[in-house]
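K.L.:
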Amino acid sequence: MKLNRHSSIPLYAQLREMIVERIDEGMYKEGEQIPSELQLCKELDLSRPTVRQAIADLVGDGVLEIRKGKGTFVAQEPERLEIPHFTALSFSFLNLNSYESIGLQDIKLIDPDPELDRLFRIAEKAGHPGYWLASWPIEDHGTILGYCRSYIPVQLFPELGQNLASGKRMVDIKSNKYAYLPQKGALSLACRPAKNQEARDLEIPLRSYVMALEGPLFARSGHVCEVLRIVLRPDLLKLELN
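Next up, the structure:
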(Lines of atoms letter the chains of each structure in order from A and count residues from 1; the text may use other names and numbers.)
(Lines give C-alpha, C1' and ligand atoms only; values in the text may rest on other atoms or scores of the structure.)
Protein backbone atom coordinates (compact mmCIF):
# COMPACT_ATOMS: atom_id res chain seq x y z
CA MET A 1 0.00 0.00 0.00
CA LYS A 2 1.21 3.50 -0.87
CA LEU A 3 0.00 6.83 0.40
CA ASN A 4 -2.06 8.81 -2.08
CA ARG A 5 -1.75 12.51 -1.42
CA HIS A 6 -4.50 13.29 -3.94
CA SER A 7 -7.05 11.01 -2.31
CA SER A 8 -10.08 12.32 -0.41
CA ILE A 9 -9.11 9.91 2.41
CA PRO A 10 -7.05 11.79 5.03
CA LEU A 11 -3.39 10.87 5.21
CA TYR A 12 -3.65 9.77 8.86
CA ALA A 13 -6.39 7.27 7.85
CA GLN A 14 -4.25 5.97 4.99
CA LEU A 15 -1.30 5.58 7.34
CA ARG A 16 -3.48 3.74 9.82
CA GLU A 17 -4.44 1.23 7.12
CA MET A 18 -0.81 0.96 6.01
CA ILE A 19 0.30 0.03 9.52
CA VAL A 20 -2.47 -2.58 9.79
CA GLU A 21 -1.44 -4.00 6.41
CA ARG A 22 2.18 -4.22 7.54
CA ILE A 23 1.05 -6.09 10.66
CA ASP A 24 -1.07 -8.48 8.59
CA GLU A 25 1.85 -9.15 6.26
CA GLY A 26 4.21 -9.83 9.18
CA MET A 27 6.42 -6.79 8.63
CA TYR A 28 5.50 -5.67 12.17
CA LYS A 29 5.08 -8.81 14.26
CA GLU A 30 2.94 -9.31 17.34
CA GLY A 31 4.71 -7.97 20.43
CA GLU A 32 7.41 -6.18 18.37
CA GLN A 33 8.14 -2.47 18.40
CA ILE A 34 7.14 -0.45 15.34
CA PRO A 35 9.20 2.52 14.05
CA SER A 36 8.98 5.69 16.11
CA GLU A 37 6.86 8.65 15.06
CA LEU A 38 9.98 10.46 13.81
CA GLN A 39 11.08 7.43 11.78
CA LEU A 40 7.65 7.15 10.15
CA CYS A 41 7.63 10.89 9.45
CA LYS A 42 10.99 10.61 7.71
CA GLU A 43 10.19 7.40 5.82
CA LEU A 44 6.82 8.58 4.50
CA ASP A 45 7.38 12.35 4.42
CA LEU A 46 4.51 13.01 6.81
CA SER A 47 3.95 15.58 9.53
CA ARG A 48 4.22 14.58 13.19
CA PRO A 49 0.50 15.29 13.92
CA THR A 50 -0.55 13.03 11.03
CA VAL A 51 1.55 10.12 12.31
CA ARG A 52 0.47 10.74 15.90
CA GLN A 53 -3.22 10.67 14.94
CA ALA A 54 -2.86 7.36 13.09
CA ILE A 55 -1.03 5.75 16.02
CA ALA A 56 -3.52 7.13 18.55
CA ASP A 57 -6.39 5.61 16.56
CA LEU A 58 -4.70 2.21 16.46
CA VAL A 59 -3.90 2.35 20.17
CA GLY A 60 -7.57 3.16 20.82
CA ASP A 61 -8.58 0.16 18.69
CA GLY A 62 -6.23 -2.15 20.60
CA VAL A 63 -4.03 -2.82 17.55
CA LEU A 64 -1.03 -1.03 19.05
CA GLU A 65 0.03 -0.39 22.61
CA ILE A 66 2.33 2.26 24.05
CA ARG A 67 4.86 1.14 26.66
CA LYS A 68 6.01 4.10 28.67
CA GLY A 69 9.67 4.87 28.08
CA LYS A 70 10.03 2.15 25.44
CA GLY A 71 7.89 3.01 22.43
CA THR A 72 4.92 1.69 20.48
CA PHE A 73 4.41 -2.04 20.02
CA VAL A 74 2.07 -4.32 18.12
CA ALA A 75 -0.45 -5.50 20.71
CA GLN A 76 -0.26 -9.16 21.66
CA GLU A 77 -3.33 -11.34 21.58
CA PRO A 78 -4.25 -11.91 25.25
CA GLU A 79 -4.66 -15.38 26.68
CA ARG A 80 -8.33 -16.15 27.12
CA LEU A 81 -9.90 -18.32 29.77
CA GLU A 82 -11.89 -21.04 28.03
CA ILE A 83 -15.30 -22.05 29.36
CA PRO A 84 -15.52 -25.69 28.30
CA HIS A 85 -18.70 -27.42 27.12
CA PHE A 86 -20.71 -24.21 27.23
CA THR A 87 -24.48 -24.70 27.11
CA ALA A 88 -27.55 -22.66 27.95
CA LEU A 89 -27.41 -24.11 31.47
CA SER A 90 -23.75 -23.24 32.15
CA PHE A 91 -24.66 -20.11 34.14
CA SER A 92 -28.11 -21.12 35.35
CA PHE A 93 -28.63 -20.17 38.99
CA LEU A 94 -31.20 -22.91 39.50
CA ASN A 95 -28.72 -25.42 38.05
CA LEU A 96 -26.12 -24.68 40.74
CA ASN A 97 -25.33 -27.22 43.42
CA SER A 98 -24.03 -24.48 45.70
CA TYR A 99 -24.00 -20.68 45.61
CA GLU A 100 -21.50 -20.03 48.42
CA SER A 101 -18.44 -19.60 46.16
CA ILE A 102 -19.84 -17.53 43.28
CA GLY A 103 -19.87 -14.10 44.98
CA LEU A 104 -23.66 -13.90 44.91
CA GLN A 105 -25.00 -10.43 45.62
CA ASP A 106 -28.05 -9.87 47.78
CA ILE A 107 -31.05 -11.23 45.92
CA LYS A 108 -33.61 -8.61 44.91
CA LEU A 109 -37.35 -8.71 44.41
CA ILE A 110 -38.31 -6.82 41.26
CA ASP A 111 -41.71 -5.87 39.93
CA PRO A 112 -43.30 -7.39 36.82
CA ASP A 113 -41.60 -6.10 33.69
CA PRO A 114 -43.05 -6.21 30.16
CA GLU A 115 -39.83 -7.48 28.57
CA LEU A 116 -39.34 -10.17 31.21
CA ASP A 117 -43.02 -11.09 31.01
CA ARG A 118 -42.55 -11.63 27.28
CA LEU A 119 -39.55 -13.90 27.85
CA PHE A 120 -41.45 -15.81 30.52
CA ARG A 121 -44.46 -16.01 28.20
CA ILE A 122 -46.73 -14.38 30.74
CA ALA A 123 -49.84 -12.93 29.16
CA GLU A 124 -50.13 -9.15 29.03
CA LYS A 125 -51.93 -7.70 32.06
CA ALA A 126 -51.74 -11.04 33.86
CA GLY A 127 -51.14 -10.33 37.52
CA HIS A 128 -48.17 -11.96 39.24
CA PRO A 129 -45.84 -11.13 42.17
CA GLY A 130 -42.73 -10.38 40.08
CA TYR A 131 -39.27 -11.93 39.93
CA TRP A 132 -36.27 -12.69 42.06
CA LEU A 133 -33.04 -11.26 40.64
CA ALA A 134 -29.84 -13.14 41.46
CA SER A 135 -26.60 -11.45 40.30
CA TRP A 136 -22.99 -12.57 40.49
CA PRO A 137 -19.64 -11.95 38.73
CA ILE A 138 -17.59 -14.49 36.81
CA GLU A 139 -14.08 -14.04 38.20
CA ASP A 140 -10.64 -15.51 37.73
CA HIS A 141 -7.93 -14.59 40.24
CA GLY A 142 -9.67 -11.30 41.04
CA THR A 143 -10.30 -10.32 37.41
CA ILE A 144 -13.95 -9.92 36.45
CA LEU A 145 -14.52 -11.82 33.21
CA GLY A 146 -18.28 -11.58 33.02
CA TYR A 147 -21.46 -10.92 34.90
CA CYS A 148 -24.61 -13.02 35.30
CA ARG A 149 -28.17 -12.01 36.07
CA SER A 150 -30.76 -14.69 36.67
CA TYR A 151 -34.47 -13.91 36.88
CA ILE A 152 -36.71 -16.44 38.63
CA PRO A 153 -40.50 -16.14 39.03
CA VAL A 154 -41.61 -15.53 42.59
CA GLN A 155 -44.68 -17.67 41.96
CA LEU A 156 -42.44 -20.73 41.37
CA PHE A 157 -40.03 -20.07 44.25
CA PRO A 158 -41.97 -17.82 46.69
CA GLU A 159 -39.43 -18.13 49.51
CA LEU A 160 -36.21 -17.98 47.50
CA GLY A 161 -35.13 -14.58 48.86
CA GLN A 162 -35.71 -15.59 52.46
CA ASN A 163 -34.02 -18.95 51.93
CA LEU A 164 -30.87 -17.36 50.51
CA ALA A 165 -30.78 -14.68 53.21
CA SER A 166 -30.91 -17.37 55.88
CA GLY A 167 -28.14 -19.39 54.24
CA LYS A 168 -30.30 -22.35 53.31
CA ARG A 169 -28.46 -24.89 51.20
CA MET A 170 -29.20 -25.07 47.48
CA VAL A 171 -30.07 -28.75 47.67
CA ASP A 172 -32.73 -27.94 50.26
CA ILE A 173 -34.03 -24.94 48.30
CA LYS A 174 -34.53 -27.19 45.27
CA SER A 175 -36.02 -30.07 47.24
CA ASN A 176 -39.45 -31.00 45.88
CA LYS A 177 -38.98 -28.37 43.13
CA TYR A 178 -37.47 -30.62 40.48
CA ALA A 179 -40.40 -30.12 38.12
CA TYR A 180 -39.48 -26.40 38.05
CA LEU A 181 -35.75 -26.77 37.44
CA PRO A 182 -34.21 -26.02 34.01
CA GLN A 183 -33.66 -28.87 31.59
CA LYS A 184 -32.79 -26.91 28.43
CA GLY A 185 -32.61 -23.34 27.18
CA ALA A 186 -32.57 -21.04 24.19
CA LEU A 187 -29.99 -18.29 24.64
CA SER A 188 -29.19 -15.79 21.92
CA LEU A 189 -25.64 -14.47 21.57
CA ALA A 190 -24.79 -10.96 20.34
CA CYS A 191 -21.65 -8.87 20.25
CA ARG A 192 -22.53 -5.27 21.10
CA PRO A 193 -21.31 -2.20 23.02
CA ALA A 194 -21.68 -2.54 26.78
CA LYS A 195 -24.48 -0.65 28.47
CA ASN A 196 -23.47 1.73 31.25
CA GLN A 197 -24.26 -0.66 34.10
CA GLU A 198 -22.57 -3.53 32.30
CA ALA A 199 -19.41 -1.47 31.83
CA ARG A 200 -19.40 -0.70 35.56
CA ASP A 201 -19.97 -4.35 36.46
CA LEU A 202 -17.13 -5.52 34.21
CA GLU A 203 -14.84 -2.58 35.08
CA ILE A 204 -14.30 -1.71 31.40
CA PRO A 205 -14.51 1.57 29.46
CA LEU A 206 -17.95 2.67 28.34
CA ARG A 207 -19.05 1.31 24.95
CA SER A 208 -16.47 -1.49 25.00
CA TYR A 209 -17.74 -4.51 23.13
CA VAL A 210 -19.09 -7.47 25.08
CA MET A 211 -20.62 -10.86 24.35
CA ALA A 212 -24.22 -10.64 25.51
CA LEU A 213 -26.32 -13.75 26.05
CA GLU A 214 -30.00 -13.66 26.88
CA GLY A 215 -32.88 -16.06 26.86
CA PRO A 216 -35.22 -18.41 28.70
CA LEU A 217 -34.56 -21.75 30.35
CA PHE A 218 -37.29 -24.38 30.28
CA ALA A 219 -38.42 -26.85 32.92
CA ARG A 220 -39.41 -30.42 32.18
CA SER A 221 -43.00 -29.26 31.71
CA GLY A 222 -41.92 -26.85 28.96
CA HIS A 223 -42.66 -23.78 31.07
CA VAL A 224 -40.03 -21.03 31.41
CA CYS A 225 -38.51 -21.30 34.89
CA GLU A 226 -35.55 -18.91 34.58
CA VAL A 227 -34.33 -16.13 32.29
CA LEU A 228 -30.62 -15.37 31.97
CA ARG A 229 -28.90 -12.15 30.98
CA ILE A 230 -25.13 -12.60 30.80
CA VAL A 231 -22.36 -10.31 29.60
CA LEU A 232 -18.84 -11.62 28.96
CA ARG A 233 -15.56 -9.95 28.08
CA PRO A 234 -14.53 -11.23 24.63
CA ASP A 235 -10.97 -10.05 25.22
CA LEU A 236 -10.58 -12.40 28.19
CA LEU A 237 -12.96 -15.30 27.52
CA LYS A 238 -13.82 -17.82 24.86
CA LEU A 239 -16.66 -20.32 24.81
CA GLU A 240 -16.30 -23.93 23.73
CA LEU A 241 -19.50 -24.79 21.85
CA ASN A 242 -20.28 -28.43 21.10
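Heads up: the sequence shown begins at 0 in numbering that gives the first Met the number 0, then just goes up one per residue. C-beta atoms are modelled at their ideal positions from N, C-alpha and C, and glycine is treated no differently.
State the beta-bridge partners of ILE210 as determined by DSSP.
P.N.:
Stepping through the sequence shown from its first residue, residue 210 is reached at position 211. Note that residue 210 corresponds to Met in the displayed sequence, not to Ile. In DSSP, MET210 forms a bridge with CYS190 and LEU231.
K.L.:
Bridge partners for CYS147 per DSSP, in chain order?
P.N.:
As a position in the sequence shown, residue 147 is number 148, starting the count at 1. Per DSSP, TRP135 and ILE229.
K.L.:
For TYR98, does the three-state DSSP call read helix, strand or coil?
P.N.:
Translated into the one-based positions of the sequence shown, residue 98 becomes position 99. Note: TYR98 maps to coil in three-state DSSP.
K.L.:
Please classify THR71 as buried or exposed, where buried requires at least 16 neighbouring CB atoms within 10 angstroms.
P.N.:
The sequence position of residue 71 within the sequence shown is 72, counting from 1. With 16 or more other Cβ atoms within 10 Å, it is buried.
K.L.:
What does DSSP give as the partner residues of LEU240 in its beta bridges?
P.N.:
Position 241 of the sequence shown, counted from the first residue, corresponds to residue 240. Bridge partners of LEU240: PHE85.
K.L.:
DSSP state of VAL223, grouped into three classes?
P.N.:
Counting from 1 along the sequence shown, the entry for residue 223 is found at position 224. The answer is strand: DSSP assigns VAL223 an E or B state.
K.L.:
Are the region 190-203 and the region 145-152 touching by the rule of at least three beta carbon pairs closer than 8 Å?
P.N.:
Touching, yes.
K.L.:
Would you call the region 177-192 and the region 107-115 touching, i.e. three or more CB-CB distances under 8 Å?
P.N.:
Output reads no: the region 107-115 does not touch the region 177-192.
K.L.:
Let me confirm a value: CYS249 is counted as buried when at least 16 other C-beta atoms fall within 10 Å, else exposed. Which label applies?
P.N.:
As shown, the chain starts at 0 and ends at 241. That puts residue 249 outside it, with no answer to give.
K.L.:
Could you check which residue in MET0, ARG15, CYS224 and LEU240 has the C-alpha nearest to that of LEU118?
P.N.:
For the purposes of this step, residue 118 is identified with residue 119 of the sequence shown, where counting begins at 1. The shortest Cα separation from LEU118 among MET0, ARG15, CYS224 and LEU240 belongs to CYS224.
K.L.:
Tell me the start and end of each unbroken alpha helix (DSSP H) in the region 2-62 that is at least 4 residues and wholly inside, in chain order.
P.N.:
Listed in chain order, they are 10-23, 36-43 and 47-59.
K.L.:
Roughly how many angstroms separate the alpha carbons of VAL73 and SER35, rounded to a whole number?
P.N.:
In the sequence shown, counting from the first residue as 1, residue 73 sits at position 74. In the sequence shown, counting from the first residue as 1, residue 35 sits at position 36. Approximately 12 Å, taken between the alpha carbons.
K.L.:
Within this structure, are the beta carbons of PRO215 and VAL226 separated by less than 8 Å?
P.N.:
Here residue 215 is taken as the residue at index 216 of the sequence shown, counted from 1. Here residue 226 is taken as the residue at index 227 of the sequence shown, counted from 1. In contact: PRO215 and VAL226 (Cβ atoms closer than 8 Å).
K.L.:
If you draw a straight line from the alpha carbon of LYS67 to that of GLN38, how long is it in whole angstroms?
P.N.:
Taking the first residue of the sequence shown as position 1, residue 67 is located at position 68. Taking the first residue of the sequence shown as position 1, residue 38 is located at position 39. Answer to the nearest angstrom: the Cα atoms are 18 Å apart.
K.L.:
Considering only the alpha carbon of each residue, which of GLY25, TYR98, GLY30 and ASP44 lies closest to LEU14?
P.N.:
In the sequence shown, residue 14 corresponds to position 15, counting from 1. Measuring from the Cα of LEU14, the nearest candidate turns out to be ASP44.
K.L.:
In terms of residue numbering, what span does the alpha helix (DSSP H) encompassing ILE172 cover?
P.N.:
Taking the first residue of the sequence shown as 1, we reach residue 172 at position 173. Its alpha helix (DSSP H) spans residues 169-172.
K.L.:
So what's PRO111 in DSSP terms, helix, strand or just coil?
P.N.:
Within the sequence shown, the letter at position 112 stands for residue 111. Looking at PRO111 - three-state DSSP - the assignment turns out to be coil, as it is neither helix nor strand.
K.L.:
Check GLN75 in the structure and name its three-state DSSP category.
P.N.:
Numbered from 1 along the sequence shown, position 76 holds the residue referred to as residue 75. Three-state result, GLN75: coil.
K.L.:
Going by the DSSP bridge assignment, what does LYS183 pair with across the sheet?
P.N.:
Within the sequence shown, residue 183 is the residue found at index 184, counting from 1. Answer is PHE217, bridged to LYS183.
K.L.:
Using a 10 Å radius around the Cβ and a threshold of 16 neighbouring Cβ atoms, would you call VAL170 buried or exposed?
P.N.:
Counting from one through the sequence shown, the residue named residue 170 turns up at place 171. By the neighbour-count rule (16 or more Cβ atoms within 10 Å), VAL170 is not buried but exposed.
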